[in-house]
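What follows is a single structure, written as structure tokens, with notes after it.
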Amino acid sequence: MFIKYCKSCLQPSTRPNAVFDKNQICYACNSFVRETNKNIEIDKKFILKKIVKQIEMDGKNSPYNCSIGVSGGKDSTRQSIYVRDHLKLKPILICCSYPPEQISEIGAANIENLNELGFDILYLSPSPITWKKTLKKSFFKYGNLAIASELALYSSLPKISMNLGIKHAFLGENPASTTGETGSIIKNKMYLANKTRNMNTLKGGRPDWLLDKDIKREKIIPYYYPLEKEFLKKNLNIYYLGFFMNQWSRLYNGTFSAAHGLNLREKSPSKWGDLINCNALDENFMSINQMIKYFKFGFGKVTDFVNEEIRHERITRKEAVLIVEKFDYFVPKKNILEFCKYLNITESKFWKHVDKFVNKKLFYKSKGEWKKKFSVGYDS
Ligand SMILES: [Zn+2]
């Protein structure tokens, strides 16, 4: 069997670190049921109260008592408001920004919006020259253009927090609960994000594979995720806010944040492949990554979205199949052309390289185009 699906949502077995139980229900679905149980809700409130108390105590003499990793998108906006206005904490927002060639206009406007909502933001802007080299290497080595940049994005929060003497930091969603990526979970402490480095794409957080005669170690310091012993030495804890917040979903976060000034994409889903126009607003290259992911594993970003909607009972699995069939692989051609221009490669070189990563058990080529051998939602 090349691909099987969760019986409850459309989680495919091809996702790295995906886990299914004996009834073929995925980790994310089981986790959703567990975490929305009434008794657990009470436990969550208790844990959060304890964390907040500790944060207040540890930071009572500091201008900021916690930090939040932000990109300026729907999740960051909701989290920041929650931490400041609901938990009554004093957060500093930490943003590792994309280089000018990659950040979108909407992304820049949304960071500005967070600033205008009254938050202090600390920016880390890694060298665009090194950024491009590392992105190119990620794309050509792994067929994943985000590996290096994700390392820089994820590392900025613990690194800067440690340097500021902040002991408590927040991230948004736990990938295990929302997508079923179980690489970074800490058993019985689903709210802790201290092992993010173990996520499949972060490869342990040590990007030594980037080093070559053109990429020196001193140039990629921001790409190294702090080691566990550094976390312990600095007494840093990172928490997934998604674990504690009600209604954590792409749709709800987008709606909430739009009401607080978040700028949305104006394109229709058929022109962008984003059903709610508020996913990955900060840049345009990641849609290409999602397309490559689709060719590698047979699913893309729309699958993640509909799975969440199924769990929240806003759509049925049957309806979700139709949506995934129509939109999951979609990427605007304009984005591919922009990406080729950014890396200074031809479109044919781009496709030749992407072809190498296509999973031939799931796809076959017909008249120059990749066609899928599988039907979404059915084991094959
Ligand atoms: Zn599932």
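Under the numbering used here, think of the first position of the sequence shown as 11, with each following residue one higher. We put the CB at the ideal spot given by N, CA and C, even for glycine.
- Judged by DSSP in its simplified three-state form, Y15 adopts strand.
- Under DSSP, W380 takes part in a beta bridge, and its partners are K375.
- With fewer than 16 other Cβ atoms from the protein chains shown falling within 10 Å of its own Cβ, P26 counts as exposed.
- Of all alpha-carbon atoms in S18, L20 and Q89, the one lying nearest the alpha-carbon of Y249 is that of Q89.
- In this structure, the CA atom of N173 is about 26 Å from the CA atom of K59.
- Judged by the Cβ position, A38 qualifies as a neighbour of ligand 1 at the 7 Å threshold, a heavy atom of the ligand being closer than this.
- For N317, the Cβ falls inside the 7 Å cut-off from some heavy atom of ligand 1.
- Classified as buried, G182 has 16 or more neighbouring CB atoms from the shown chains inside 10 Å of its CB.
- Spatial neighbours of Y133 in its own chain (CB-CB distance under 7 Å, excluding positions within 5 residues in sequence) are listed in chain order as C105 and S107.
- Counting C-beta atoms within 10 angstroms of its own C-beta, N273 has 16 or more neighbours from the protein chains shown and is therefore classed as buried.
- Counting along the chain, the unbroken beta strand (DSSP E) around I104 starts and ends at P101 to C106.
- Its chain contains K205, T206, N208 and M209 as the residues whose beta carbon lies nearer than 6 Å to that of S194, once the 5 sequence neighbours on both sides are disregarded; these appear in chain order.
- I35 has its CB nearer than 7 Å to a heavy atom of ligand 1.
- As summarised for the region 176–251, the continuous beta strand (DSSP E) elements at least 3 residues long and confined to that stretch are 178–181 and 247–250, given in chain order.
- DSSP, read as helix, strand or coil, puts P138 in helix.
- When DSSP states are grouped into helix, strand and coil, I78 belongs to the strand group.
- The continuous alpha helix (DSSP H) containing W361 extends over residues E357 to F367.
- Boundaries cannot be given for P26, as no alpha helix (DSSP H) includes it and DSSP labels it neither H nor E.
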